[in-house]
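Inspection log for the structure reproduced underneath, given as structure tokens.
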Amino acid sequence: MRAGSQCALLIYGIHYHESWGPDVREFKPERWLDPNNAPNPNMFAGFSIGKRACMGRTFATLSMKTTLSHVLRRFKIKADINDLKLKIDFLLKPVSGSLVSLERR
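When we follow my numbering, the leftmost residue of the sequence shown carries the number 5, and every step to the right adds one.
Here is the structure:
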């Protein structure tokens, strides 16, 4: 890369890299439960890394965990991802509609 060039970092590509394992595209939350196989926390780049990392990362993470705990306590969540269609733009996003339903507990 030449000096003065601009570069865009595609987070989607980083988070689906084969370094996460051969089953990187499979939804397997249990992969994060074994402390002996915990990934390097610097490999997650959603908030960027290094000197230019997001200053609000801790606040954002705690806010998400608090909100999620309230939702999970009050609702049963059901989802059907078999027909989910995704569009790769600058961000990965669903093409249409939400496939998640909530039922009060």
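Where a beta carbon is used, it is the ideal one built from N, C-alpha and C, also for glycine.
Remember, predicted model here, so these are calculated numbers, not experimental data.
Three or more beta-carbon pairs drawn from the region 98–107 and the region 75–85 are found closer than 8 Å, and the two stretches are therefore classed as touching.
At a Cβ-Cβ threshold of 7 Å, residue 64 and residue 18 do not count as neighbours. Annotated as distal: residue 20 and residue 96, with beta-carbon spacing of 7 Å or more. Looking at the DSSP output, residue 90 sits in a beta bridge with 98. DSSP, reduced to helix, strand and coil, places residue 28 outside both helices and strands of the structure shown, so it counts as coil.
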